[in-house]
Amino acid sequence: MTAIKIFVIGIPVSCVGIAVWWATRKYSELKEELRNTVEEKQLSLFKLLEEKTEASEKEKNSKESSNRLKEELRKTVEEKELLSFQLLEEKKEAAEKEKSSNESCNRLKEDLRKTVDEKELLSLQLIEEKKEAVQKEKSLKELCNRLKEQLTKAVNVSFQLAQEKKVALEKEKSFKELLLEEKTEASEKEKNSKESNNRLKEELRKTVEEKELLSFQLLEEKKEAAEKEKSSNESCNRLKEDLRKTVDEKELLSLQLIEEKKEAVQKEKSLKELCNRLKEQLTKAVNVSFQLAQEKKVALEKEKSFKELYDKLNEELRNSAKRHSDVVFQLENEILILNDRVEEISRFNRSKPYFNTSRGSSHGKDLGRKIEKEKQKIPGDNELNKDKYSLEHTPTRSSYNEYKQRGNLCNTETNGTVFDLNKIIGRKTTSPKRVIDIFARRFAATAEPAPCQRCDCMGDKDGFGMMQCQRCISPAIDRFLKDWNAAIYESGPDTISAEEIELKIKPEDPKLYGNK
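Read in order, the letters of the sequence shown are residues 6 to 521 in our numbering.
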(Lines of atoms letter the chains of each structure in order from A; the text may use other names.)
(Lines give C-alpha, C1' and ligand atoms only; values in the text may rest on other atoms or scores of the structure.)
Protein backbone atom coordinates (compact mmCIF):
# COMPACT_ATOMS: atom_id res chain seq x y z
CA MET A 6 0.00 0.00 0.00
CA THR A 7 2.72 2.48 0.90
CA ALA A 8 4.55 1.76 -2.38
CA ILE A 9 1.39 2.39 -4.38
CA LYS A 10 0.81 5.67 -2.54
CA ILE A 11 4.39 6.81 -3.13
CA PHE A 12 4.07 5.94 -6.82
CA VAL A 13 0.76 7.81 -7.09
CA ILE A 14 2.19 10.89 -5.35
CA GLY A 15 5.43 10.81 -7.44
CA ILE A 16 3.65 10.89 -10.80
CA PRO A 17 2.05 14.38 -10.33
CA VAL A 18 5.24 15.73 -8.79
CA SER A 19 7.25 14.62 -11.83
CA CYS A 20 4.60 16.07 -14.15
CA VAL A 21 4.81 19.38 -12.31
CA GLY A 22 8.61 19.39 -12.67
CA ILE A 23 8.42 18.66 -16.39
CA ALA A 24 5.85 21.43 -16.87
CA VAL A 25 8.03 23.93 -14.99
CA TRP A 26 11.08 22.98 -17.08
CA TRP A 27 9.09 23.34 -20.31
CA ALA A 28 7.76 26.77 -19.26
CA THR A 29 11.26 28.08 -18.40
CA ARG A 30 12.63 26.81 -21.70
CA LYS A 31 9.86 28.55 -23.70
CA TYR A 32 10.42 31.78 -21.76
CA SER A 33 14.18 31.74 -22.56
CA GLU A 34 13.49 31.04 -26.25
CA LEU A 35 11.11 34.00 -26.46
CA LYS A 36 13.72 36.24 -24.82
CA GLU A 37 16.34 35.20 -27.38
CA GLU A 38 13.93 35.88 -30.26
CA LEU A 39 13.24 39.40 -28.96
CA ARG A 40 16.98 40.11 -28.63
CA ASN A 41 17.65 38.85 -32.16
CA THR A 42 14.92 41.09 -33.62
CA VAL A 43 16.32 44.16 -31.83
CA GLU A 44 19.87 43.39 -33.05
CA GLU A 45 18.68 42.92 -36.64
CA LYS A 46 16.92 46.30 -36.59
CA GLN A 47 20.06 48.00 -35.24
CA LEU A 48 22.19 46.37 -37.95
CA SER A 49 19.77 47.56 -40.64
CA LEU A 50 20.01 51.13 -39.28
CA PHE A 51 23.83 51.01 -39.29
CA LYS A 52 23.81 49.69 -42.87
CA LEU A 53 21.59 52.55 -44.00
CA LEU A 54 23.93 55.10 -42.36
CA GLU A 55 26.95 53.49 -44.00
CA GLU A 56 25.24 53.61 -47.40
CA LYS A 57 24.50 57.29 -46.82
CA THR A 58 28.16 58.06 -46.04
CA GLU A 59 29.29 56.08 -49.07
CA ALA A 60 26.92 58.03 -51.31
CA SER A 61 28.27 61.36 -49.96
CA GLU A 62 31.88 60.22 -50.52
CA LYS A 63 31.05 59.20 -54.07
CA GLU A 64 29.54 62.62 -54.76
CA LYS A 65 32.72 64.30 -53.47
CA ASN A 66 34.97 62.06 -55.55
CA SER A 67 32.92 62.77 -58.69
CA LYS A 68 34.12 66.43 -58.60
CA GLU A 69 37.85 65.62 -58.62
CA SER A 70 38.45 65.06 -62.35
CA SER A 71 36.48 66.02 -65.45
CA ASN A 72 37.89 63.14 -67.50
CA ARG A 73 36.24 60.52 -65.23
CA LEU A 74 32.82 62.19 -65.16
CA LYS A 75 31.21 59.73 -67.57
CA GLU A 76 32.24 56.56 -65.68
CA GLU A 77 31.45 57.98 -62.25
CA LEU A 78 28.08 59.31 -63.39
CA ARG A 79 27.14 55.91 -64.80
CA LYS A 80 28.20 54.18 -61.59
CA THR A 81 26.35 56.65 -59.38
CA VAL A 82 23.22 56.34 -61.53
CA GLU A 83 23.29 52.54 -61.28
CA GLU A 84 23.93 52.61 -57.53
CA LYS A 85 21.19 55.15 -56.94
CA GLU A 86 18.75 53.11 -59.00
CA LEU A 87 19.65 50.07 -56.92
CA LEU A 88 19.15 52.09 -53.73
CA SER A 89 15.78 53.30 -54.96
CA PHE A 90 14.73 49.75 -55.81
CA GLN A 91 15.97 48.57 -52.40
CA LEU A 92 14.04 51.32 -50.63
CA LEU A 93 10.87 50.43 -52.54
CA GLU A 94 11.35 46.74 -51.76
CA GLU A 95 11.95 47.52 -48.08
CA LYS A 96 8.78 49.60 -47.98
CA LYS A 97 6.83 46.78 -49.62
CA GLU A 98 8.31 44.26 -47.18
CA ALA A 99 7.42 46.53 -44.24
CA ALA A 100 3.83 46.80 -45.48
CA GLU A 101 3.63 43.03 -45.97
CA LYS A 102 5.08 42.47 -42.49
CA GLU A 103 2.48 44.78 -41.00
CA LYS A 104 -0.29 42.90 -42.78
CA SER A 105 1.13 39.54 -41.72
CA SER A 106 1.49 40.73 -38.11
CA ASN A 107 -2.14 41.88 -38.05
CA GLU A 108 -3.26 38.55 -39.49
CA SER A 109 -1.12 36.67 -36.97
CA CYS A 110 -2.67 38.68 -34.12
CA ASN A 111 -6.16 37.81 -35.30
CA ARG A 112 -5.16 34.17 -35.64
CA LEU A 113 -3.73 34.16 -32.13
CA LYS A 114 -6.98 35.56 -30.78
CA GLU A 115 -8.94 32.83 -32.54
CA ASP A 116 -6.48 30.18 -31.28
CA LEU A 117 -6.89 31.43 -27.71
CA ARG A 118 -10.66 31.21 -28.00
CA LYS A 119 -10.40 27.71 -29.44
CA THR A 120 -8.04 26.64 -26.65
CA VAL A 121 -10.47 27.97 -24.02
CA ASP A 122 -13.32 26.00 -25.60
CA GLU A 123 -11.17 22.88 -25.79
CA LYS A 124 -10.22 23.23 -22.13
CA GLU A 125 -13.88 23.47 -21.14
CA LEU A 126 -14.67 20.33 -23.16
CA LEU A 127 -11.74 18.54 -21.56
CA SER A 128 -12.93 19.56 -18.10
CA LEU A 129 -16.41 18.15 -18.88
CA GLN A 130 -14.91 14.93 -20.19
CA LEU A 131 -12.78 14.60 -17.05
CA ILE A 132 -15.88 15.03 -14.87
CA GLU A 133 -17.73 12.32 -16.79
CA GLU A 134 -14.77 9.98 -16.53
CA LYS A 135 -14.56 10.61 -12.80
CA LYS A 136 -18.25 9.74 -12.40
CA GLU A 137 -17.82 6.50 -14.32
CA ALA A 138 -14.77 5.60 -12.24
CA VAL A 139 -16.72 6.22 -9.00
CA GLN A 140 -19.51 3.93 -10.17
CA LYS A 141 -17.12 1.14 -11.19
CA GLU A 142 -14.91 1.22 -8.12
CA LYS A 143 -16.69 0.28 -4.91
CA SER A 144 -13.92 -0.40 -2.47
CA LEU A 145 -12.53 2.21 -0.06
CA LYS A 146 -8.98 1.80 -1.28
CA GLU A 147 -9.92 2.58 -4.87
CA LEU A 148 -11.98 5.57 -3.71
CA CYS A 149 -9.01 6.90 -1.75
CA ASN A 150 -6.67 6.50 -4.71
CA ARG A 151 -9.12 8.22 -7.04
CA LEU A 152 -9.54 11.07 -4.57
CA LYS A 153 -5.78 11.50 -4.57
CA GLU A 154 -5.72 11.45 -8.38
CA GLN A 155 -8.50 14.05 -8.54
CA LEU A 156 -6.62 16.31 -6.15
CA THR A 157 -3.41 16.02 -8.16
CA LYS A 158 -5.30 16.64 -11.40
CA ALA A 159 -6.91 19.75 -9.93
CA VAL A 160 -3.47 21.02 -8.93
CA ASN A 161 -2.08 20.23 -12.37
CA VAL A 162 -5.02 21.92 -14.08
CA SER A 163 -4.52 25.07 -11.99
CA PHE A 164 -0.78 25.00 -12.72
CA GLN A 165 -1.40 24.45 -16.43
CA LEU A 166 -3.85 27.34 -16.45
CA ALA A 167 -1.23 29.56 -14.84
CA GLN A 168 1.38 28.44 -17.39
CA GLU A 169 -1.03 29.04 -20.26
CA LYS A 170 -1.69 32.50 -18.89
CA LYS A 171 2.05 33.15 -18.88
CA VAL A 172 2.39 31.95 -22.48
CA ALA A 173 -0.54 34.11 -23.54
CA LEU A 174 1.00 37.14 -21.82
CA GLU A 175 4.35 36.52 -23.53
CA LYS A 176 2.66 36.25 -26.92
CA GLU A 177 0.76 39.45 -26.29
CA LYS A 178 4.00 41.17 -25.27
CA SER A 179 5.75 40.08 -28.46
CA PHE A 180 3.01 41.70 -30.55
CA LYS A 181 2.52 44.83 -28.44
CA GLU A 182 4.48 46.87 -31.01
CA LEU A 183 1.40 46.84 -33.23
CA LEU A 184 -1.24 46.60 -30.44
CA LEU A 185 -0.26 49.66 -28.38
CA GLU A 186 -3.32 51.51 -29.66
CA GLU A 187 -5.57 48.79 -28.15
CA LYS A 188 -4.87 49.73 -24.54
CA THR A 189 -8.55 49.74 -23.74
CA GLU A 190 -8.80 46.11 -24.78
CA ALA A 191 -5.82 45.31 -22.56
CA SER A 192 -7.58 46.89 -19.57
CA GLU A 193 -10.68 44.81 -20.31
CA LYS A 194 -8.51 41.71 -20.52
CA GLU A 195 -7.07 42.51 -17.09
CA LYS A 196 -10.59 42.80 -15.69
CA ASN A 197 -11.51 39.47 -17.25
CA SER A 198 -8.37 37.92 -15.78
CA LYS A 199 -9.38 39.16 -12.33
CA GLU A 200 -12.86 37.70 -12.79
CA SER A 201 -11.32 34.41 -13.93
CA ASN A 202 -9.10 34.39 -10.83
CA ASN A 203 -12.14 34.95 -8.63
CA ARG A 204 -13.91 32.11 -10.42
CA LEU A 205 -10.92 29.87 -9.85
CA LYS A 206 -10.98 30.74 -6.15
CA GLU A 207 -14.69 29.89 -5.99
CA GLU A 208 -14.08 26.59 -7.78
CA LEU A 209 -11.29 25.78 -5.32
CA ARG A 210 -13.64 26.53 -2.43
CA LYS A 211 -16.29 24.28 -3.95
CA THR A 212 -13.76 21.49 -4.39
CA VAL A 213 -12.71 21.90 -0.74
CA GLU A 214 -16.35 21.71 0.38
CA GLU A 215 -16.93 18.63 -1.78
CA LYS A 216 -13.83 17.07 -0.28
CA GLU A 217 -15.11 17.84 3.23
CA LEU A 218 -18.43 16.14 2.40
CA LEU A 219 -16.58 13.16 1.04
CA SER A 220 -14.49 13.06 4.20
CA PHE A 221 -17.68 12.97 6.31
CA GLN A 222 -19.06 10.16 4.18
CA LEU A 223 -15.80 8.29 4.56
CA LEU A 224 -15.95 8.68 8.35
CA GLU A 225 -19.46 7.19 8.42
CA GLU A 226 -18.39 4.32 6.22
CA LYS A 227 -15.36 3.79 8.46
CA LYS A 228 -17.57 3.55 11.53
CA GLU A 229 -19.68 0.92 9.80
CA ALA A 230 -16.62 -1.00 8.54
CA ALA A 231 -14.64 -0.67 11.83
CA GLU A 232 -16.05 -3.94 13.13
CA LYS A 233 -15.28 -5.76 9.88
CA GLU A 234 -11.83 -4.50 8.99
CA LYS A 235 -9.34 -2.90 11.39
CA SER A 236 -6.88 -2.16 8.66
CA SER A 237 -9.31 0.28 7.03
CA ASN A 238 -9.01 2.59 10.09
CA GLU A 239 -5.29 2.99 9.57
CA SER A 240 -5.78 3.80 5.87
CA CYS A 241 -8.39 6.43 6.72
CA ASN A 242 -6.05 8.13 9.20
CA ARG A 243 -3.34 8.24 6.55
CA LEU A 244 -5.81 9.71 4.07
CA LYS A 245 -6.57 12.52 6.53
CA GLU A 246 -2.90 13.37 6.77
CA ASP A 247 -2.59 13.40 2.95
CA LEU A 248 -5.59 15.70 2.69
CA ARG A 249 -4.05 18.14 5.15
CA LYS A 250 -0.81 18.13 3.15
CA THR A 251 -2.69 18.76 -0.08
CA VAL A 252 -4.52 21.73 1.52
CA ASP A 253 -1.19 23.19 2.63
CA GLU A 254 0.24 22.67 -0.84
CA LYS A 255 -2.75 24.46 -2.39
CA GLU A 256 -2.21 27.45 -0.11
CA LEU A 257 1.46 27.58 -1.13
CA LEU A 258 0.49 27.37 -4.81
CA SER A 259 -1.98 30.25 -4.37
CA LEU A 260 0.78 32.40 -2.83
CA GLN A 261 3.13 31.49 -5.68
CA LEU A 262 0.48 32.44 -8.22
CA ILE A 263 0.06 35.85 -6.56
CA GLU A 264 3.84 36.45 -6.68
CA GLU A 265 3.98 35.34 -10.31
CA LYS A 266 1.18 37.79 -11.16
CA LYS A 267 3.19 40.61 -9.59
CA GLU A 268 6.26 39.60 -11.61
CA ALA A 269 4.13 39.46 -14.77
CA VAL A 270 2.91 43.04 -14.12
CA GLN A 271 6.50 44.24 -13.72
CA LYS A 272 7.52 42.46 -16.90
CA GLU A 273 4.60 44.08 -18.73
CA LYS A 274 5.88 47.51 -17.68
CA SER A 275 9.41 46.71 -18.87
CA LEU A 276 8.07 45.39 -22.16
CA LYS A 277 6.01 48.56 -22.64
CA GLU A 278 9.19 50.60 -22.24
CA LEU A 279 10.93 48.37 -24.78
CA CYS A 280 8.02 48.81 -27.19
CA ASN A 281 8.26 52.60 -26.86
CA ARG A 282 12.00 52.46 -27.58
CA LEU A 283 11.39 50.27 -30.61
CA LYS A 284 8.79 52.77 -31.80
CA GLU A 285 11.35 55.57 -31.59
CA GLN A 286 13.89 53.48 -33.51
CA LEU A 287 11.30 52.72 -36.20
CA THR A 288 10.45 56.42 -36.55
CA LYS A 289 14.16 57.20 -36.88
CA ALA A 290 14.51 54.53 -39.57
CA VAL A 291 11.54 55.99 -41.45
CA ASN A 292 13.10 59.46 -41.23
CA VAL A 293 16.42 58.08 -42.55
CA SER A 294 14.66 56.48 -45.52
CA PHE A 295 12.86 59.76 -46.22
CA GLN A 296 16.16 61.65 -46.08
CA LEU A 297 17.72 59.15 -48.47
CA ALA A 298 14.87 59.69 -50.91
CA GLN A 299 15.36 63.47 -50.71
CA GLU A 300 19.11 63.09 -51.23
CA LYS A 301 18.38 60.91 -54.23
CA LYS A 302 16.30 63.73 -55.74
CA VAL A 303 19.12 66.23 -55.08
CA ALA A 304 21.65 63.85 -56.63
CA LEU A 305 19.51 63.46 -59.74
CA GLU A 306 19.28 67.23 -60.08
CA LYS A 307 23.07 67.47 -59.70
CA GLU A 308 23.50 64.83 -62.36
CA LYS A 309 21.40 66.89 -64.75
CA SER A 310 23.52 69.98 -64.07
CA PHE A 311 26.74 67.94 -64.54
CA LYS A 312 25.48 66.63 -67.87
CA GLU A 313 24.69 70.15 -69.06
CA LEU A 314 28.15 71.38 -68.02
CA TYR A 315 29.75 68.41 -69.72
CA ASP A 316 27.92 69.15 -73.00
CA LYS A 317 28.93 72.81 -72.81
CA LEU A 318 32.58 71.90 -72.22
CA ASN A 319 32.56 69.54 -75.19
CA GLU A 320 31.14 72.26 -77.44
CA GLU A 321 33.70 74.81 -76.22
CA LEU A 322 36.56 72.36 -76.76
CA ARG A 323 35.40 71.63 -80.29
CA ASN A 324 35.10 75.33 -81.13
CA SER A 325 38.51 76.16 -79.59
CA ALA A 326 40.16 73.30 -81.53
CA LYS A 327 38.74 74.63 -84.80
CA ARG A 328 39.89 78.18 -84.02
CA HIS A 329 43.33 76.97 -82.97
CA SER A 330 43.85 75.01 -86.20
CA ASP A 331 42.74 77.99 -88.32
CA VAL A 332 45.07 80.41 -86.55
CA VAL A 333 48.03 78.01 -86.77
CA PHE A 334 47.48 77.68 -90.53
CA GLN A 335 47.41 81.47 -90.97
CA LEU A 336 50.51 82.03 -88.83
CA GLU A 337 52.53 79.36 -90.63
CA ASN A 338 51.52 80.39 -94.17
CA GLU A 339 50.61 84.09 -94.14
CA ILE A 340 52.10 85.80 -91.06
CA LEU A 341 55.86 86.27 -90.52
CA ILE A 342 57.08 86.75 -86.94
CA LEU A 343 60.29 88.84 -87.01
CA ASN A 344 62.76 88.70 -84.12
CA ASP A 345 65.77 91.03 -84.14
CA ARG A 346 67.53 89.50 -81.12
CA VAL A 347 67.90 85.75 -81.25
CA GLU A 348 70.79 84.72 -78.98
CA GLU A 349 72.52 81.54 -80.04
CA ILE A 350 75.09 79.46 -78.18
CA SER A 351 77.63 77.11 -79.69
CA ARG A 352 76.86 73.40 -79.39
CA PHE A 353 73.19 74.22 -78.87
CA ASN A 354 70.73 71.65 -80.19
CA ARG A 355 68.72 73.65 -82.72
CA SER A 356 66.37 70.74 -83.47
CA LYS A 357 64.67 71.26 -80.11
CA PRO A 358 61.78 73.71 -80.38
CA TYR A 359 61.49 76.84 -78.27
CA PHE A 360 59.07 77.02 -75.41
CA ASN A 361 59.98 80.07 -73.27
CA THR A 362 59.74 83.73 -74.32
CA SER A 363 61.04 86.96 -72.82
CA ARG A 364 61.01 90.60 -73.93
CA GLY A 365 63.36 90.23 -76.87
CA SER A 366 64.75 86.70 -76.94
CA SER A 367 63.82 83.06 -76.79
CA HIS A 368 65.50 80.25 -74.81
CA GLY A 369 65.69 76.48 -75.01
CA LYS A 370 65.05 73.79 -72.41
CA ASP A 371 68.64 72.74 -71.61
CA LEU A 372 70.16 76.23 -71.47
CA GLY A 373 71.48 75.99 -67.90
CA ARG A 374 73.98 73.18 -68.57
CA LYS A 375 75.39 74.93 -71.64
CA ILE A 376 75.99 78.12 -69.64
CA GLU A 377 77.87 76.19 -66.94
CA LYS A 378 80.31 74.86 -69.53
CA GLU A 379 80.76 78.05 -71.59
CA LYS A 380 80.47 80.55 -68.67
CA GLN A 381 78.27 82.94 -70.59
CA LYS A 382 75.58 85.31 -69.38
CA ILE A 383 71.97 84.83 -70.34
CA PRO A 384 70.71 87.59 -72.64
CA GLY A 385 67.14 88.75 -72.65
CA ASP A 386 65.06 89.76 -69.65
CA ASN A 387 66.73 91.81 -66.90
CA GLU A 388 65.28 89.55 -64.20
CA LEU A 389 67.60 86.76 -65.33
CA ASN A 390 70.69 88.85 -64.42
CA LYS A 391 69.80 89.19 -60.73
CA ASP A 392 71.70 87.50 -57.86
CA LYS A 393 69.59 84.40 -58.12
CA TYR A 394 70.67 83.90 -61.74
CA SER A 395 74.31 85.13 -61.49
CA LEU A 396 77.36 83.15 -62.54
CA GLU A 397 78.13 82.14 -58.95
CA HIS A 398 74.70 80.56 -58.65
CA THR A 399 74.29 78.94 -62.02
CA PRO A 400 70.67 78.46 -63.13
CA THR A 401 69.19 75.01 -62.99
CA ARG A 402 66.17 73.45 -64.60
CA SER A 403 64.03 74.16 -61.51
CA SER A 404 64.84 77.89 -61.70
CA TYR A 405 63.82 77.97 -65.36
CA ASN A 406 60.60 76.18 -64.51
CA GLU A 407 59.93 78.81 -61.85
CA TYR A 408 60.57 81.55 -64.38
CA LYS A 409 58.37 79.79 -66.92
CA GLN A 410 55.49 79.76 -64.45
CA ARG A 411 55.57 83.56 -64.14
CA GLY A 412 53.71 85.94 -66.41
CA ASN A 413 55.74 86.67 -69.58
CA LEU A 414 55.29 89.69 -71.78
CA CYS A 415 54.73 89.73 -75.56
CA ASN A 416 55.18 92.89 -77.65
CA THR A 417 53.21 94.08 -80.68
CA GLU A 418 51.67 90.72 -81.54
CA THR A 419 49.33 90.83 -78.48
CA ASN A 420 48.95 94.62 -78.06
CA GLY A 421 51.17 94.63 -74.97
CA THR A 422 48.91 92.35 -72.86
CA VAL A 423 50.28 90.03 -70.17
CA PHE A 424 49.40 86.36 -70.13
CA ASP A 425 50.62 83.23 -68.35
CA LEU A 426 52.32 80.53 -70.39
CA ASN A 427 51.03 77.77 -68.10
CA LYS A 428 47.41 78.65 -68.85
CA ILE A 429 48.02 78.61 -72.59
CA ILE A 430 50.41 75.67 -72.87
CA GLY A 431 48.61 73.43 -70.40
CA ARG A 432 49.83 71.14 -67.62
CA LYS A 433 52.49 69.37 -69.70
CA THR A 434 55.57 71.08 -68.27
CA THR A 435 58.06 68.75 -69.94
CA SER A 436 56.66 68.93 -73.48
CA PRO A 437 58.04 71.99 -75.35
CA LYS A 438 55.84 74.26 -77.43
CA ARG A 439 56.63 76.49 -80.38
CA VAL A 440 56.08 80.22 -80.36
CA ILE A 441 53.60 79.88 -83.22
CA ASP A 442 51.50 77.43 -81.21
CA ILE A 443 51.44 79.84 -78.24
CA PHE A 444 50.35 82.81 -80.37
CA ALA A 445 47.74 80.69 -82.14
CA ARG A 446 46.13 79.84 -78.80
CA ARG A 447 46.31 83.47 -77.80
CA PHE A 448 44.57 84.69 -80.97
CA ALA A 449 41.94 81.95 -80.63
CA ALA A 450 41.15 83.19 -77.12
CA THR A 451 40.91 86.83 -78.22
CA ALA A 452 38.63 85.93 -81.14
CA GLU A 453 35.76 85.25 -78.75
CA PRO A 454 33.31 88.15 -78.15
CA ALA A 455 34.31 90.32 -75.19
CA PRO A 456 31.86 91.86 -72.68
CA CYS A 457 33.77 95.18 -72.77
CA GLN A 458 35.17 96.90 -75.91
CA ARG A 459 36.41 100.37 -76.74
CA CYS A 460 35.48 101.48 -80.26
CA ASP A 461 36.64 104.63 -82.13
CA CYS A 462 35.32 106.07 -85.41
CA MET A 463 38.23 106.62 -87.81
CA GLY A 464 37.84 108.84 -90.91
CA ASP A 465 39.92 108.42 -94.10
CA LYS A 466 40.75 111.07 -96.71
CA ASP A 467 38.11 109.68 -99.05
CA GLY A 468 35.40 110.40 -96.48
CA PHE A 469 34.52 106.81 -95.63
CA GLY A 470 34.14 106.11 -91.90
CA MET A 471 35.67 103.08 -90.17
CA MET A 472 35.00 101.64 -86.70
CA GLN A 473 38.02 100.19 -84.85
CA CYS A 474 37.32 98.20 -81.65
CA GLN A 475 39.71 96.86 -78.99
CA ARG A 476 39.25 94.86 -75.83
CA CYS A 477 39.30 96.75 -72.57
CA ILE A 478 41.37 94.12 -70.76
CA SER A 479 42.91 90.75 -71.64
CA PRO A 480 40.68 87.82 -70.61
CA ALA A 481 43.66 85.82 -69.33
CA ILE A 482 44.12 87.90 -66.16
CA ASP A 483 41.84 86.77 -63.38
CA ARG A 484 42.25 89.80 -61.11
CA PHE A 485 40.88 92.17 -63.77
CA LEU A 486 37.86 89.95 -64.34
CA LYS A 487 37.07 89.98 -60.62
CA ASP A 488 37.13 93.76 -60.09
CA TRP A 489 36.46 95.10 -63.61
CA ASN A 490 32.71 95.66 -63.24
CA ALA A 491 33.05 97.45 -59.88
CA ALA A 492 35.74 99.82 -61.24
CA ILE A 493 33.66 100.68 -64.34
CA TYR A 494 30.42 101.36 -62.48
CA GLU A 495 32.15 103.57 -59.93
CA SER A 496 33.43 106.09 -62.51
CA GLY A 497 31.51 105.31 -65.74
CA PRO A 498 32.81 103.80 -69.00
CA ASP A 499 33.09 107.14 -70.85
CA THR A 500 35.41 108.90 -68.41
CA ILE A 501 37.90 106.11 -67.56
CA SER A 502 40.63 104.24 -69.40
CA ALA A 503 42.09 100.76 -68.99
CA GLU A 504 45.33 102.14 -67.50
CA GLU A 505 43.45 104.00 -64.77
CA ILE A 506 41.54 100.82 -63.92
CA GLU A 507 44.83 98.89 -63.68
CA LEU A 508 46.11 101.48 -61.21
CA LYS A 509 42.95 101.15 -59.09
CA ILE A 510 43.00 97.35 -59.04
CA LYS A 511 45.81 96.00 -56.83
CA PRO A 512 47.07 92.44 -57.28
CA GLU A 513 46.37 90.18 -54.30
CA ASP A 514 49.40 87.92 -54.78
CA PRO A 515 52.44 89.09 -56.82
CA LYS A 516 53.62 85.48 -57.33
CA LEU A 517 50.54 84.70 -59.42
CA TYR A 518 50.74 87.75 -61.67
CA GLY A 519 54.50 88.33 -61.91
CA ASN A 520 56.70 91.24 -60.80
CA LYS A 521 56.26 94.49 -62.69
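Ideal Cβ placement from N, Cα and C applies to all residues, glycine included.
Cβ neighbour criterion (16 or more within 10 Å) applied to residue i
{"i": "leucine 53", "result": "buried"}
{"i": "leucine 129", "result": "exposed"}
{"i": "glutamate 407", "result": "Per-residue confidence for glutamate 407 stands at a pLDDT of 38, beneath the threshold of 50, marking its modelled position as unreliable; the derived number appears in the next sentence. It counts as exposed."}
{"i": "glutamate 175", "result": "buried"}
{"i": "leucine 257", "result": "exposed"}
{"i": "leucine 223", "result": "buried"}
{"i": "leucine 48", "result": "exposed"}
{"i": "threonine 29", "result": "exposed"}
{"i": "leucine 244", "result": "buried"}
{"i": "threonine 251", "result": "buried"}
{"i": "threonine 120", "result": "exposed"}
{"i": "isoleucine 132", "result": "exposed"}
{"i": "glutamate 88", "result": "The residue asked about is misnamed: residue 88 is leucine in this sequence, not glutamate. That one is buried."}
{"i": "threonine 42", "result": "exposed"}
{"i": "phenylalanine 90", "result": "exposed"}
Selection from the options that minimises the alpha carbon distance to residue i
{"i": "cysteine 20", "options": "Glu125, Phe164, Asn41", "result": "Phe164"}
{"i": "lysine 135", "options": "Thr120, Arg151, Asn111", "result": "Arg151"}
{"i": "alanine 99", "options": "Leu127, Lys46, Phe221", "result": "Lys46"}
{"i": "leucine 39", "options": "Glu320, Cys280, Glu56, Asp316", "result": "Cys280"}
{"i": "isoleucine 263", "options": "Leu219, Asn203, Leu218, Gly22", "result": "Asn203"}
{"i": "glutamate 312", "options": "Lys75, Trp26, Phe51", "result": "First, the amino acid is wrong: residue 312 is lysine here, not glutamate. If we check each option's Cα against that of lysine 312, Lys75 comes out closest."}
{"i": "leucine 276", "options": "Trp26, Gly22, Leu35, Trp27", "result": "Leu35"}
{"i": "leucine 50", "options": "Gly22, Glu83, Glu95, Arg79", "result": "Glu95"}
{"i": "valine 213", "options": "Glu225, Asp253, Lys233, Glu37", "result": "Asp253"}
{"i": "arginine 249", "options": "Glu217, Glu77, Lys274", "result": "Glu217"}
{"i": "aspartate 247", "options": "Glu154, Arg79, Glu229, Glu83", "result": "Glu154"}
Strand pairing of residue i, partner residues [DSSP]
{"i": "arginine 73", "result": "None, per the DSSP bridge assignment."}
{"i": "glutamine 475", "result": "Arg459"}
Proximal residues to residue i (C-beta, below 7 Å), its chain only, five neighbours per side dropped
{"i": "glutamate 200", "result": "none"}
{"i": "arginine 73", "result": "none"}
Integer-rounded CB distance, given that residue j should sit under 8 Å from residue i
{"i": "cysteine 457", "j": "methionine 472", "result": "Cysteine 457 to methionine 472, Cβ: 16 Å. No contact."}
{"i": "leucine 209", "j": "lysine 255", "result": "7 Å"}
{"i": "threonine 81", "j": "lysine 63", "result": "6 Å"}
{"i": "alanine 269", "j": "lysine 206", "result": "Contact flag wrong, Cβ pair sits at about 18 Å."}
Contacts around residue i, its chain only, beta-carbon distance under 6 Å, and the 5 residues preceding and following it disregarded
{"i": "tyrosine 32", "result": "none"}
{"i": "asparagine 111", "result": "none"}
{"i": "glutamine 475", "result": "Arg459"}
{"i": "threonine 5", "result": "Since the displayed the chain opens at 6 and closes at 521, residue 5 lies outside it and no answer follows."}
{"i": "glutamate 101", "result": "none"}
Own chain residues within Cβ distance below 8 Å of residue i, not counting five before or after
{"i": "lysine 235", "result": "none"}
{"i": "phenylalanine 221", "result": "none"}
{"i": "lysine 558", "result": "This structure gives no information on residue 558, because the portion of the chain shown stretches from 6 to 521."}
Cβ-heavy atom distance, residue i to the ligand ZN, below 7 Å
{"i": "asparagine 197", "result": "Absent from the structure shown: the ligand ZN. Ligands present: none."}
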